[in-house]
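Okay, so here's the structure we're looking at.
There are 4 protein chains.
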Amino acid sequence: MDNSIFSKDIKNWRNSLKKLPFTSNPFDCDKLHEECGVFGIFNHPDAAAYTVLGLHALQHRGQEAAGIVTHDGSQFYSHKSLGHVADNFNTQPVIESLPGTSGIGHVRYSTSGGAGLRNVQPLFADLSIGGFAVAHNGNLTNSFQLRKTLVSKGSIFQSTSDSEVIIHLVATSTFSHIQDKLIDALRRIEGAFAIVGLTKDYLFGVRDPLGVRPLVIGKLSNGSYVFASESVALDINGAEYIRDVEPGEIVTIDKDGIHSTKPFPAEEPRPCIFEHVYFSRPDSIFKGTSIYRVRKNIGVELAKESSVEVDLVIPVPDSGVPAAIGYAQQAKIPFELGIIRNHYVGRTFIEPSNKIRHLGVKLKHNANAAEIKGKRVVLIDDSIVRGTTSLKIVDLMRQAGAKEVHMRIASPPTTDPCFYGVDTPEKDQLLAARMNVREMAAYIGADSLEFVTIDGLYRAVGEENRVTEKPQYCDACFTGEYPTVLTDKEDNNGSNQISEMK
Amino acid sequence: MDNSIFSKDIKNWRNSLKKLPFTSNPFDCDKLHEECGVFGIFNHPDAAAYTVLGLHALQHRGQEAAGIVTHDGSQFYSHKSLGHVADNFNTQPVIESLPGTSGIGHVRYSTSGGAGLRNVQPLFADLSIGGFAVAHNGNLTNSFQLRKTLVSKGSIFQSTSDSEVIIHLVATSTFSHIQDKLIDALRRIEGAFAIVGLTKDYLFGVRDPLGVRPLVIGKLSNGSYVFASESVALDINGAEYIRDVEPGEIVTIDKDGIHSTKPFPAEEPRPCIFEHVYFSRPDSIFKGTSIYRVRKNIGVELAKESSVEVDLVIPVPDSGVPAAIGYAQQAKIPFELGIIRNHYVGRTFIEPSNKIRHLGVKLKHNANAAEIKGKRVVLIDDSIVRGTTSLKIVDLMRQAGAKEVHMRIASPPTTDPCFYGVDTPEKDQLLAARMNVREMAAYIGADSLEFVTIDGLYRAVGEENRVTEKPQYCDACFTGEYPTVLTDKEDNNGSNQISEMK
Amino acid sequence: MDNSIFSKDIKNWRNSLKKLPFTSNPFDCDKLHEECGVFGIFNHPDAAAYTVLGLHALQHRGQEAAGIVTHDGSQFYSHKSLGHVADNFNTQPVIESLPGTSGIGHVRYSTSGGAGLRNVQPLFADLSIGGFAVAHNGNLTNSFQLRKTLVSKGSIFQSTSDSEVIIHLVATSTFSHIQDKLIDALRRIEGAFAIVGLTKDYLFGVRDPLGVRPLVIGKLSNGSYVFASESVALDINGAEYIRDVEPGEIVTIDKDGIHSTKPFPAEEPRPCIFEHVYFSRPDSIFKGTSIYRVRKNIGVELAKESSVEVDLVIPVPDSGVPAAIGYAQQAKIPFELGIIRNHYVGRTFIEPSNKIRHLGVKLKHNANAAEIKGKRVVLIDDSIVRGTTSLKIVDLMRQAGAKEVHMRIASPPTTDPCFYGVDTPEKDQLLAARMNVREMAAYIGADSLEFVTIDGLYRAVGEENRVTEKPQYCDACFTGEYPTVLTDKEDNNGSNQISEMK
Amino acid sequence: MDNSIFSKDIKNWRNSLKKLPFTSNPFDCDKLHEECGVFGIFNHPDAAAYTVLGLHALQHRGQEAAGIVTHDGSQFYSHKSLGHVADNFNTQPVIESLPGTSGIGHVRYSTSGGAGLRNVQPLFADLSIGGFAVAHNGNLTNSFQLRKTLVSKGSIFQSTSDSEVIIHLVATSTFSHIQDKLIDALRRIEGAFAIVGLTKDYLFGVRDPLGVRPLVIGKLSNGSYVFASESVALDINGAEYIRDVEPGEIVTIDKDGIHSTKPFPAEEPRPCIFEHVYFSRPDSIFKGTSIYRVRKNIGVELAKESSVEVDLVIPVPDSGVPAAIGYAQQAKIPFELGIIRNHYVGRTFIEPSNKIRHLGVKLKHNANAAEIKGKRVVLIDDSIVRGTTSLKIVDLMRQAGAKEVHMRIASPPTTDPCFYGVDTPEKDQLLAARMNVREMAAYIGADSLEFVTIDGLYRAVGEENRVTEKPQYCDACFTGEYPTVLTDKEDNNGSNQISEMK
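See below:
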């Protein structure tokens with residue numbers, strides 16, 4: 000292993016990281032992650048219970064808080080809670096506090112703006128035409144500009160969430176009907192949004208014109224329609240997957256059934272390719288494609304692109320497993336659980352507080368030393384963000400006696416932050432933005448390191464290759480090519496003008 | 000005792016009430032009570048701690064919840080909690096979570112609109128000119144009308160509190176400066192309000208043109224100014240009582256000192272006379288008058304107006320004590336603690352939830368039978384609202400062996416509800432609205448019952464008598480003469496149009 | 000005021016105390032207080048509810064924790080909680096978790112040994128003859144000796160409470176019947192005890208041979224018997240006061256009725272005289288004597304013994320009120336509420352934690368300055384322990400403009416600690432153990448200070464005077480004459496041998 | 000599928016189970032599970048932190064509660080909590096509340112006797128020779144007999160746990176030294192026990208003469224010794240695995256190092272074979288054998304013994320994964336994740352309360368339908384207890400479109416309950432005790448069902464075969480051959496004599 004490419008400082012830092020006790024690695028949250036999941040249901044006697052189950056199935060999209068709003072024909076009901084759905088919405092009193100036949104729900108991962116209940120969605124407004132509740136997955140890229148304008152006209156914001164802009168735009172719209180108010184509002188926002196909205200009479204499901212964030216439509220056996228961020232929330236409720244809400248489409252459910260409108264200028268879709276790599280559950284289906292199959296395909300591509308002579312293929316659990324199975328099948332090398340995960344800590348570091356982030360790799364991972372000792376292994380992981388977990392995992396393998404430790408990553412190098420509803424570190428904290436692959440290999444201490452190519456990734460999702468001039472997906476985190484303007488980002492001097500109560 | 004004036008139904012109801020076990024009297028909240036207390040401080044290094052102490056001294060004005068907002072020169076901080084100040088704001092971490100040199104606070108008693116944290120004040124808005132926090136004691140009588148207009152223009156309300164109207168009016172005002180926005184807003188509201196407001200640069204103290212609700216100004220030894228609903232909140236902080244904020248006055252504190260403006264048309268003041276009877280603490284001073292002295296005076300008036308030959312004067316604790324002392328001194332009859340109060344239940348039934356309301360008289364009161372037995376006693380209480388407690392107290396005396404039980408009340412009969420920030424039952428639940436005094440005596444089972452006359456009350460507060468054509472106080476609860484229009488009350492058909500989340 | 004008798008150090012300390020902010024007086028718990036109250040009921044369908052009410056009426060005897068054990072004919076049920084009865088035993092689910100027709104309860108004030116639930120009574124043991132629960136008010140003076148012996152034979156203690164000795168003595172007794180086991184156990188303990196005990200078939204009520212701690216018997220209208228520390232717990236339940244359990248008596252209630260036995264050598268009773276001065280509620284009756292009347296009598300004695308020319312008699316609330324009424328009536332000087340108490344802090348400092356102890360006088364007391372200003376006042380308080388509150392109260396009066404401040408105390412100087420179940424400071428912290436009355440007056444800053452004489456106190460409780468050779472009461476805290484041996488106290492070297500888990 | 004072998008009743012029941020909504024299957028806890036895990040450490044500056052990590056690694060052995068006792072040379076400290084180690088022992092204040100250089104800890108799964116803190120271990124006693132703390136994994140088979148004797152002599156039990164017998168036996172032992180007291184106590188108990196004990200001077204690690212429950216010894220780099228139920232608790236702390244505590248051995252750690260004694264009559268070891276099948280983590284090592292390797296071996300044996308022509312090998316996650324990998328490798332059939340587990344519900348149903356038990360299979364498992372559709376699959380699971388989960392999983396596969404569903408189980412049929420510290424249903428609830436394999440296949444709806452043979456299992460753990468006359472392991476749950484007498488079980492009439500407080 001050649002460390003000479005590092006400055007002394009970096010080497011020292013790397014060594015200090017390795018030596019850190021299991022509870023103090025400050026960067027050990029080495030995943031990008033989705034910020035939200037949404038669910039909606041209309042005209043079903045058990046609206047609240049089905050929404051709870053739907054959110055439970057979407058828990059991986061946001062573990063910090065959850066909220067549900069229902070409507071019973073005459074009024075709205077709400078329950079919000081920090082923590083997991085299975086812990087806070089699982090009792091009869093909670094379900095009973097949410098009567099009604101329609102409902103929407105939201106799970107969230109907090110980022111900026113604090114983690115209090117104030118920011119928990121769905122958001123609600125008492126409009127002149129009645130109540131309106133909304134839940135948003137995604138991130139607006141001109142929310143600060145819009146907020147400034149709204150505040151100057153007297154709108155009072157209750158949170159620092161970009162999503163609150165939507166509801167104020169609806170409230171201040173001068174159109175008469177809720178559908179028109181909603182379209183009026185959505186035409187003014189930029190960025191990524193998959194939205195479910197609820198009024199006394201309507202359930203809305205909307206995807207932004209590029210379709211960056213996912214939203215699917217399902218149908219229950221009694222004929223009720225549901226919306227969900229992923230199809231797994233249909234499965235748990237026994238709902239049939241009908242189709243994706245299309246990019247730029249507003250789907251309205253009312254007592255007469257399902258209606259569609261496309262009020263935005265037509266654009267080429269650019270769904271988020273990282274949903275396939277990591278965010279979505281492997282048993283989810285988007286545009287008819289199985290996420291598990293795509294991930295296995297990436298493993299196959301990896302094995303083709305950068306094979307290495309080893310004894311064992313070892314997944315970094317749990318997200319690396321499907322790609323590792325694909326790699327092992329393609330490479331005809333035994334697949335083994337070389338790293339055992341302690342499931343009592345939840346998905347890797349998804350909680351935002353520092354205390355939990357500091358819990359280290361050993362709290363979650365242990366080497367299955369009996370399999371590793373004396374073997375040449377290739378580790379399969381889904382991505383490298385800051386590299387801190389990779390570094391520790393490689394170390395874990397070496398301490399367990401691995402003769403060689405190679406690493407293969409089921410996505411291209413993550414070089415750029417996401418502004419569309421994914422929590423990413425600043426660019427200067429992304430390992431791939433600071434080093435080339437050879438340097439990264441040295442940094443994490445691997446005998447070799449390879450990433451799937453961007454074209455390999457596109458092949459895995461079913462494309463022939465990436466169409467350079469007009470990519471079929473949003474892959475900005477790998478390429479820096481953002482599909483929308485980034486209004487707020489370009490307006491740097493306004494960011495400190497929100498008067499907020501701590 | 001002649002019960003024949005009662006219909007059989009009423010007699011049965013009365014008897015059933017007497018027989019109710021100690022935990023099930025549904026009407027045992029037999030006091031009017033103030034709904035709120037406010038406090039403000041500017042330019043003091045311990046703003047939060049002083050606000051906590053001030054609110055603690057005002058706790059009797061609202062026990063359900065409390066909130067504080069502070070500002071440290073660059074941003075606002077907030078802490079709100081259900082429950083008592085002494086239980087929820089008494090720790091170092093809470094104080095430290097509220098840094099800054101200025102602050103406002105609020106204690107509240109909940110009425111309609113639910114008791115959640117959402118309704119807890121101070122309210123806050125991020126205005127285009129910066130943050131603005133406000134705490135309100137009183138009640139607006141045209142808030143629903145204003146709310147309808149604001150909502151139709153896009154304002155999103157977070158609560159059902161009438162106070163929220165104020166902050167939306169400020170937010171949507173087209174004036175440029177906060178003072179002008181505030182005046183603009185206040186000119187549009189009707190009803191009673193004592194308000195403290197806080198921005199980065201200013202602390203405001205405002206009383207409505209009639210001065211219905213109280214607000215005093217104090218000064219600390221370091222020169223800092225404070226506002227408080229009652230002077231006891233100055234005492235606890237060692238602040239000197241300067242003067243009352245005058246009816247219709249906006250007092251502004253800034254780095255240059257204290258400023259006054261009177262932007263409303265001049266009106267004759269009509270402060271609430273019930274503050275003297277019951278709401279305020281006996282050690283508070285309003286307009287230079289001691290509340291304790293006034294209450295003793297009422298007892299003196301009562302003894303003059305309706306003396307009775309008895310062996311003992313017994314206060315209904317605790318609120319009847321000062322009047323009982325005055326009565327005993329005037330009548331030269333021994334004052335004795337004939338009823339012992341269990342202080343572990345807090346002030347009589349001030350919590351709004353039904354469970355607590357149902358706790359009966361025996362949980363709080365016990366007869367001091369050794370003193371009572373074989374004696375003729377006169378009980379002194381501050382008021383009779385529904386009569387349910389009086390009925391039980393009289394019964395308690397008789398069970399303890401009293402030979403005669405007379406009752407004297409230190410206020411005139413309460414015949415009308417208050418719309419200015421006092422929680423009162425509907426008119427048809429007020430005993431004095433349903434019966435004459437003789438019937439009331441029979442109802443509560445007393446050998447005699449007398450109320451102080453309205454003129455006696457006015458004499459006790461220092462007037463020669465009530466000026467009929469232009470009363471010096473708001474005494475609407477005794478006279479039905481409301482000093483303002485009651486816009487919302489007169490518009491009955493709109494009350495159900497708020498879309499609210501439960 | 001002549002301070003010259005003080006050393007400079009003491010003067011400085013005194014001044015520093017006066018200047019302490021309202022939240023930091025480390026000694027502001029200036030009362031002795033009772034450590035426990037007990038209640039028992041047998042053969043009543045609402046045993047748990049009645050026990051809850053009984054404990055609520057006894058809450059002043061111990062605010063830190065409460066516990067109830069019931070029996071339903073086949074098994075025992077228990078609920079224990081830190082905090083007040085009215086907060087933790089007031090719900091239907093709690094009552095329903097305590098089925099059965101017999102029950103005992105306990106409220107406690109914690110002292111040494113930590114405040115965890117582990118120490119909360121009633122204690123319970125599964126004996127070979129069935130379950131046995133016990134609640135104890137008092138303190139054993141040979142518990143450590145007994146514990147050492149029990150541990151050496153294999154008894155495992157769960158707490159550091161002296162009361163646990165009783166249940167181990169019962170468990171290891173070789174007698175066959177529970178009554179004999181109990182007598183066997185009680186014959187071995189020294190000190191003060193009022194005990195209620197419960198088995199499947201029996202409810203026991205026991206008082207130690209000297210009758211130091213009180214215990215009364217009551218009877219409900221349905222014939223059920225109850226035990227309680229004070230008669231107020233009978234009143235709240237509508238029970239008739241039958242008589243005191245006699246010193247040295249074991250009263251047994253079973254299905255056949257009430258039985259009495261006196262298994263201890265006869266001794267002259269020595270009930271605690273401080274129960275009359277402060278511990279008991281004024282509406283309680285002991286040996287047919289009204290506590291309120293005794294306290295008024297003490298005020299009368301004080302006025303006779305040490306009158307002073309003043310304008311007002313002012314009680315230190317709430318415990319000084321009855322004596323102040325007696326004093327005012329005897330001296331023919333107006334009784335006025337010159338100090339107003341904020342009841343949201345509970346009885347003076349009864350909570351044991353330092354944080355609460357540090358809350359100062361201003362959180363609870365405010366001068367009623369309008370009455371005080373320019374007046375000569377005499378303050379009536381029940382006792383002076385460390386003198387810290389007195390010092391602050393006198394200061395409060397002077398700041399409010401009192402011309403002269405005299406103090407009269409309704410008990411003799413407290414010179415010695417109690418070892419019989421009362422929480423007292425070490426002797427060297429008792430002001431009266433360190434100074435004579437003149438020095439104490441100077442220390443607290445009063446113009447004069449007098450205590451009722453010991454004979455005056457005995458007269459007030461109905462004796463002609465104290466019989467020196469054989470006092471009628473335990474008055475050790477005033478005289479140092481302890482009515483029992485103090486085995487543990489005399490064996491100093493063993494105190495550190497309890498291996499305890501923190 | 001031939002259901003005709005079933006009575007109509009059973010068929011109806013089966014169908015009703017299938018139709019139950021996902022939240023109401025009353026038997027969905029279809030695993031045996033270990034009841035406890037223990038950890039101990041001696042002479043290390045971070046004793047508490049290391050114990051926390053050790054217990055975290057053992058969390059799968061008991062999720063309901065955890066406790067730690069430490070000693071700092073002069074006294075003991077304790078922290079106990081319901082819930083997970085990572086949630087309740089992860090803060091600095093908790094660690095700081097546990098000072099000292101030695102400590103023991105315990106994680107538990109509750110069974111009978113309630114789930115309160117009272118039953119949480121370690122248990123502690125203040126013996127005449129000082130404090131003694133103990134944590135026990137296993138179950139005593141004569142604890143009730145011993146308890147009866149102890150109670151009759153005056154021992155007071157605090158819990159209904161069998162483990163408490165141990166500490167009372169130690170307390171009442173007439174030997175002088177703690178080692179002798181411990182041996183004296185252990186000689187009187189029957190059943191399974193792996194124990195860690197702590198005194199001021201010693202840390203003990205003990206295994207019962209048959210070694211039914213595991214206990215390993217590790218050594219830290221600073222020379223400190225640790226004990227743990229499984230080697231994974233060494234790994235997380237960076238401790239080296241030294242060896243197993245031997246059956247019948249008492250290992251004592253003191254300041255002079257490590258000492259061993261074998262005070263029991265020598266017996267042939269009978270370690271629990273189910274530890275290999277399910278209880279232990281796959282990365283644990285017992286007697287030098289890798290659990291993961293054993294489980295893969297079982298899969299290999301299964302593939303040899305009962306191969307079936309299918310397209311895919313699918314593990315029932317997570318416990319079926321290693322055997323499925325072994326099966327797939329042996330059978331040369333692709334291994335695929337055909338069932339996706341939602342990890343937000345924790346290990347299958349390990350919580351004991353009914354509410355959680357009722358959560359159904361869909362909350363945890365979803366079919367990866369894209370892989371399953373039209374395929375012949377073999378499911379690999381570790382065991383079948385009541386069969387309820389298996390039934391639902393098979394159903395899940397069929398709904399997802401599987402053409403054939405075969406099931407292979409990595410253990411023999413579970414026919415008999417365990418009395419050695421494993422929570423098992425009554426025998427009549429064990430599917431294999433009620434049906435033969437063909438009936439079971441029909442019951443769960445599988446096209447075929449096979450279990451590994453008992454000899455196959457023995458081969459997988461490294462034996463040639465099971466030695467019938469003297470089996471090398473305790474396999475009573477598969478064979479009904481219990482290696483100890485079952486004293487309490489045979490004495491049925493005493494079980495209701497414990498007087499317990501609910």
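Chains as they are written, first to last, in numbering that gives the first Met the number 0: chain F, 0 to 501; chain E, 0 to 501; chain B, 0 to 501; chain U, 0 to 501. From the three backbone atoms N, C-alpha and C, an ideal C-beta is built for every residue, glycine too. Values in this document were obtained by computation on a predicted structure and should not be read as measured data.
Item to check | Selection of the segment 60-81 of chain F by Cβ proximity to chain E, strictly under 7 Å | outcome: VAL68, GLN74, PHE75, TYR76 and SER77
Item to check | Residues that DSSP places opposite ARG146 (chain E) in a beta bridge | outcome: Within the second sequence, residue 146 (chain E) is the residue found at index 147, counting from 1. In DSSP, ARG146 (chain E) forms no bridge with anything.
Checklist entry - Listing by chain order, which chain A residues have their CB less than 7 Å from the CB of PRO321 (chain E)? => result Note that chain A does not occur in the displayed structure, where the protein chains are F, E, B and U.
Checklist entry - Whose C-alpha, out of E:LEU97, E:VAL484, E:VAL377 and E:GLY130, is nearest the C-alpha of GLU403 (chain E)? => result On the second sequence, residue 403 (chain E) is found 404 positions in, with the first residue counted as 1. For GLU403 (chain E), the nearest C-alpha among the options comes from E:VAL377.
Checklist entry - Near LEU145 (chain F), what residues of its chain come up, given a Cβ to Cβ distance below 6 Å and the 5 sequence neighbours on each side ignored? => result The residue given as residue 145 (chain F) occupies position 146 in the first sequence. Within its own chain, the residues whose Cβ lies closer than 6 Å to the Cβ of LEU145 (chain F), once the five positions on either side in sequence are excluded, are VAL164, listed in chain order.
Checklist entry - Can you check whether the CB of GLY39 (chain F) is closer than 9 Å to the CB of PHE203 (chain F)? => result The residue given as residue 203 (chain F) occupies position 204 in the first sequence. The residue given as residue 39 (chain F) occupies position 40 in the first sequence. For PHE203 (chain F) and GLY39 (chain F), yes; Cβs fall inside 9 Å.
Checklist entry - From which residue to which residue does the alpha helix (DSSP H) around LEU52 (chain F) run? => result Stepping through the first sequence from its first residue, residue 52 (chain F) is reached at position 53. 46-56 is the extent of the alpha helix (DSSP H) around LEU52 (chain F).
Item to check | Where the beta strand (DSSP E) through ASN42 (chain F) begins and ends | outcome: In the first sequence, the residue the question calls residue 42 (chain F) occupies position 43. First-last for ASN42 (chain F): undefined, no H or E at that position.
Next on the checklist: For VAL231 (chain U), would you say it is in contact with chain F, using Cβ-to-Cβ distances shorter than 9 Å as the test?
Outcome noted: Numbered from 1 along the fourth sequence, position 232 holds the residue referred to as residue 231 (chain U). Cβ-Cβ to chain F under 9 Å: yes for VAL231 (chain U).
Next on the checklist: Quick check on SER111 (chain B) - is its C-beta less than 9 Å from some C-beta in chain U?
Outcome noted: On the third sequence, residue 111 (chain B) is found 112 positions in, with the first residue counted as 1. A caution first: SER111 (chain B) carries a pLDDT of 43, below 50, which makes its placement in the model unreliable, though a value can still be read off. Not one chain U Cβ lies under 9 Å of SER111 (chain B).
Next on the checklist: By alpha-carbon positions, which one of B:LEU362, B:PRO411, B:GLY420 and B:ALA369 ends up nearest to ILE392 (chain B)?
Outcome noted: By one-based count along the third sequence, residue 392 (chain B) stands at place 393. For ILE392 (chain B), the nearest C-alpha among the options comes from B:LEU362.
Item to check | Distance between CYS35 (chain E) and GLY420 (chain E) (C-alpha atoms, nearest Å) | outcome: As a position in the second sequence, residue 420 (chain E) is number 421, starting the count at 1. As a position in the second sequence, residue 35 (chain E) is number 36, starting the count at 1. Cα to Cα, GLY420 (chain E) sits roughly 8 Å from CYS35 (chain E).
Checklist entry - For ALA184 (chain U), which residues from the same chain have a beta carbon less than 7 Å from its beta carbon, with the 5 sequence-adjacent residues on both sides left out? => result Within the fourth sequence, the letter at position 185 stands for residue 184 (chain U). Answer for ALA184 (chain U): ILE165, LEU168, VAL169 and SER172, listed in chain order.
Next on the checklist: Excluding the 5 residues flanking ARG375 (chain U) on each side, which residues of the same chain have their C-beta closer than 6 Å to its C-beta?
Outcome noted: Sequence index remark: in the fourth sequence, residue 375 (chain U) carries index 376 (1-based). Once the five neighbours on either side are set aside, the close Cβ partners of ARG375 (chain U) are VAL309, ASP310, LYS402 and GLU403.
Checklist entry - Which of helix, strand or coil does DSSP assign to ASP86 (chain B)? => result Within the third sequence, numbered from 1, the residue matching residue 86 (chain B) stands at position 87. Residue state, collapsed to three classes: helix.
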